[in-house]
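Protein chains in written order, with our numbering: chain A, 1 to 231; chain B, 232 to 626; chain C, 627 to 1007.
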Amino acid sequence: MSALVTLRNVTKSYTRGKQKVEVLHGVDLQIESGEFLALMGPSGSGKTTTLNLIAGLDQPTGGEVEVSGSRIDRLARGALADWRARNIGFIFQFYNLLPVLTAEANVEVPLLLTDLSRSERRRRVQIALQLVGLADRAKHKPNELSGGQQQRVAIARAIVADPTLLVCDEPTGDLDRQNAEEIMNLLKALNRTQGKTIVMVTHDPRAAEYASRELHLDKGKLAKEEVRHVA
Amino acid sequence: MKTFRQIGAVTLMNLRSLPQRLGTSAVIVIGIAGVVAVLVSVLAMSTGMLKTLTQAGAEDRVIVLRNGSASEMGSNLGRDAVRLIADAPGIKRDAEGRPLASVETLRLVNLFKQSDGSEVMVTLRGVGPQVLAVRPEMKIIEGRMFRPAVNEIIVGKAAKAQFRNMNLGDQITTRGATWTVVGVFSSDGSSHESELIADAETVNGADQRSGFTSVIARLESPQAFQKFKDALSSNPALAVDVSRERDYYERQSETIGKVISVVAYVVGGIMAIGAIFGALNTMYSAVSERLREIATLRALGFGATAMVISVLVEALLLAFIGGAIGAALAWLFFNGHVVGTTAGGVNGHLIFELTVSAQLITTGIVWACVIGLIGGLFPAVRAARLPVVEALRAV
Amino acid sequence: MKYLPLIWAGLWRKKARTIFTMLSIVVAFLLFGLLQGINQGFNTVVQNLDVDRLYVTAKTNLTDGLPIAYASRIKAVPGVRQLSYWTYFAGYYQDSRNPIPAFATDPTALFDIYKDLKIKPEYLQAMQRTRTGVLINEQLAAKYHWKLGDRIPLGTSIWTNKDGSNTWNFDVVGIFDSSALGAGFPGFYLNQSYFDEAAAFGRGTVHYYIVAIDDPAQATAVSQRIDALFANSTNETRTQTESALAQMQLKQLGDINFIVNAIVGAVLFTLLFLTANTMMQSVRERTGELAVLKTLGFSDGKVLSLVLIESLALCVFAAAVGIALAATAFPLLKPIFGKFQMPGIVVAMGAGLALLLAFVSGFAPAWRARQLNIVDALAGR
């Protein structure tokens, strides 16, 4: 069975002013469908860059990035945006909800890019909010919700369009221990019961424990791999 | 004393961080510059008009019209009447004992503007032989004075600049005569420079009218006015209005002056309201950008007064700069700009220059500062009132 | 549109800023509506003056006047339907601070030419019967409390009575309604026959001949015919349509067009700065949010459109309010200009300017939003 995500000899460098900074030095990895992968490594190791490449937020300087059979490193910006809308759900460290919109309006945003009717959009939003356990907070604005609740709304937004891949960048980075646990349980449940493939960047070892596989990056290269039983 | 030091310190901090807020600060400056530029420019019209008219009125000259005349052109005095007027006590006499009085009659003639060929009605003033003595400020600057009993005219400096056919040798047609331009005169920049001047008897002869519009005379001294006026009012054969020339011209410009002022202040007022909203926007934004800084200062013990005054000073400074720019623009573009109108209080076309006077500039800057103060007030109070804890959390 | 919530969200991120900006736009367009409305209004009023009325004046200057003997010759010109005339009387009531612009005329013909003047036929008959009769409009009657049957003494500084006095006595035999023609239209008429008989000089002269023609398309032809009649005489004529005469007089008042455009230009220019600054600030603050939208799959083009539409919504809505306010002020000007409402062209101009404002102030921020690099923006760079 071919992998859902394949990176082949991926390199990435930036030019900052006059300096060229090489972040990734030839990364090879594969992610199977239904996996829960944790990407770890020290600051500057390139883990966030790898995540951005998988999610189609950025494009490699060299090498190939293939997701669901598509070579996304070959797509133009406009096509890439389209592709993201249909395939990726993103969860950020700082939630990044739109402050003036209610929870349900926030969750609806990805669906605005589809052709679904208003009632259909509403239906899906309801389902998503129920899944994360926040159906009763639908009309609240972000500033009326706690950190943990905001992140759950963000997760609802990430899954509402039924994406192929859930991509998380330090999802528990801004939460206290209890809320972090709740979020990780939620993600695990989504992975187990809904079969969502999840790629998560984290430096919190406790969060990494929820994943089924750990990959460590160091100085732009894969360093260590750990496979865990699904507990 | 401590308050002053606080105010000074905070204000200085504010002003030093101003360059970072150039974009939003520009909004106040430009908004107020616009208001002041428009206000000053429009008022420059009435200032200029009034100046031109009152220049025509000398301290020691009088103008006599028929009783009840709204203006010179609406007056009609018979030959007997003007003789009595010219002989009245109080009028200065020349070396030969002749009274320095000019018996005048006005007509309107159609001339064409050089700029676009449009037609305007211009005043032709028929004057008495003593005119240059009665009006010493009138000087022939080109050509010569007209000769009596010949169809010759001299034209005012402004008229020559604005209308066609005003060069020496050109001809103008009126009812019953064709006139040749023989000279150009200046008159201290007064409204007479918009006129054409000829001999009164010749003018009357051309269209066979009798009667005159006015008598303009020089008094022995400005104080002789009452003597002169009493002599005329006590004469049962005369029904006349006697005024100092300056008062006459001021009255003539009163209405149009008021209209222009109303327009200036209404338009300026509406613009000012808009500018106040702009200023509020800028100052609120300035305050919220520095919320953390303000909160920290207040946590450290800086008082509310210092906060308020520092914000107001910033608003005032920006407003002042805006006002100065606006006034400068008005001066640059419109000071000395030549304009003509028939609504200038004299029946014929009046040509005058827009005048951006020192008084107008001051008015403009005062308006600017008021706008700045109002626009800065609420944000200033907010900076002072914001609960410190909230402010620190809000960032 | 389904994107409305997003646009709404963008606009109201900072309530105070959006409200102040909108208020500034409202004020600016209120001013625009008033000034340009009055300016265009002058033009419209002038253009609406019927082209089936001609004015004949002395070529050298209208104050020179024309002989009344011309009347029958002008009336006989082909294309002329009706003829009346005005001789300017310039009186005052009690003292010169109450000027009454009065005209000697042939009232029956005059009211036939100006059908917008409303008068009872019996008043016109009374004028024919009463030598010293005058017709006055409702405004004058109200101002000086004159009624039918009153005897009014009018002073004049020009026309001496044959009996040597400056006072003329008139009897009010009719009151008419001239509101449709505005406050500027003359409202005091005396019989030309009385004037001619009683004036010590200036007899037999009129200042304007007013000619009603059968066919407006013939205006130029009839004008030329009339002027040709008197060419090369001592009293040459100039005939033009009422509209042309009004335009000429308006033009002499001053270059109102320039003044209005200059003021409006200054206002809109300063407004542009405010709006552009607001949009720029707004986009800068929302860099993170815009990046998130791009993450979710909103294309560069969509994000650009969102910002532009925001700018549009802000400007067009506020501009519409401003112009609507201006339009409500117009009926208040009716006493001065007669039938007068905000010309449609002003609304069109306003819409155009609002769009221009929206695009110019929104473009740079929209472009900035479009060019946002997701990775950099999310990282806070």
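All C-beta atoms, glycine included, are put in the ideal place defined by N, C-alpha and C.
Compute the Euclidean distance between the alpha carbons of residue i and residue j, then round it to the nearest angstrom.
i	j	result
leucine 281 of chain B	methionine 352 of chain B	20 angstroms
serine 492 of chain B	glutamine 720 of chain C	29 angstroms
glycine 800 of chain C	alanine 870 of chain C	31 angstroms
aspartate 419 of chain B	serine 333 of chain B	19 angstroms
arginine 482 of chain B	leucine 331 of chain B	24 angstroms
proline 812 of chain C	isoleucine 889 of chain C	32 angstroms
threonine 913 of chain C	arginine 996 of chain C	11 angstroms
aspartate 204 of chain A	leucine 222 of chain A	18 angstroms
valine 587 of chain B	asparagine 669 of chain C	30 angstroms
alanine 257 of chain B	alanine 945 of chain C	23 angstroms
serine 421 of chain B	glutamine 361 of chain B	19 angstroms
isoleucine 507 of chain B	leucine 900 of chain C	12 angstroms
leucine 959 of chain C	glutamine 873 of chain C	20 angstroms
glutamate 335 of chain B	asparagine 307 of chain B	10 angstroms
glycine 553 of chain B	glycine 575 of chain B	32 angstroms
Could you tell me whether the Cβ of residue i comes closer than 7 angstroms to any Cβ of chain C?
i	result
leucine 249 of chain B	no
arginine 297 of chain B	yes
serine 167 of chain A	The sequence shown places valine at residue 167 of chain A, rather than the serine named in the question. No, valine 167 of chain A does not count as interfacial toward chain C.
tyrosine 515 of chain B	yes
valine 258 of chain B	yes
valine 199 of chain A	no
alanine 574 of chain B	yes
alanine 208 of chain A	no
arginine 406 of chain B	yes
proline 110 of chain A	yes
isoleucine 596 of chain B	no
In the DSSP assignment, what residue or residues form a beta bridge with residue i?
i	result
methionine 200 of chain A	A:Ala38 and A:Cys168
asparagine 817 of chain C	C:Thr731
isoleucine 91 of chain A	A:Cys168
glycine 387 of chain B	B:Phe416
aspartate 438 of chain B	None, per the DSSP bridge assignment.
glutamate 64 of chain A	A:Arg8
alanine 408 of chain B	B:Thr405
methionine 352 of chain B	B:Asn341
Under a three-way DSSP split, which group does residue i fall into?
i	result
proline 205 of chain A	helix
glycine 69 of chain A	coil
isoleucine 294 of chain B	strand
proline 320 of chain B	coil
histidine 423 of chain B	helix
proline 610 of chain B	helix
asparagine 185 of chain A	helix
glutamine 708 of chain C	strand
glutamate 862 of chain C	coil
Select from the options the residue whose C-alpha is nearest the C-alpha of residue i.
i	options	result
lysine 388 of chain B	B:Ile371, B:Arg297 and B:Ser465	B:Ile371
leucine 631 of chain B	B:Arg521, B:Ala510, B:Gly359 and B:Glu350	With chain B covering only 232 through 626, there is no way to say anything about residue 631 of chain B.
leucine 189 of chain B	B:Val471, B:Leu284 and B:Asn245	One cannot answer for residue 189 of chain B here, as it falls past the ends of chain B, which runs 232 to 626.
leucine 879 of chain C	B:Ala517, B:Val570 and B:Gln402	B:Val570
leucine 249 of chain B	B:Lys323, B:Ala431 and B:Ser516	B:Ser516
alanine 154 of chain A	A:Glu104, A:Ala55 and A:Asn87	A:Glu104
alanine 974 of chain C	C:Thr867, C:Ala950 and C:Tyr834	C:Ala950
alanine 809 of chain C	C:Asp1002, C:Leu766 and C:Leu816	C:Leu766
aspartate 162 of chain A	A:Glu182, A:Ile72 and A:Asn191	A:Asn191
Taking 7 angstroms as the CB-CB limit, is residue i close to chain B?
i	result
isoleucine 889 of chain C	yes
aspartate 822 of chain C	no
aspartate 690 of chain C	yes
phenylalanine 899 of chain C	yes
asparagine 687 of chain C	yes
alanine 902 of chain C	no
serine 987 of chain C	no
glutamine 878 of chain C	yes
Against chain A, does residue i count as a neighbour if the rule is that its beta carbon must be under 7 angstroms from one of theirs?
i	result
serine 650 of chain C	no
Between residue i and the ligand HEM, is there a pair consisting of the residue's CB and a ligand heavy atom that are separated by less than 6 angstroms?
i	result
alanine 128 of chain A	Inclusion of the ligand HEM in the displayed structure is not the case, the ligand content being empty and no account of it being possible.
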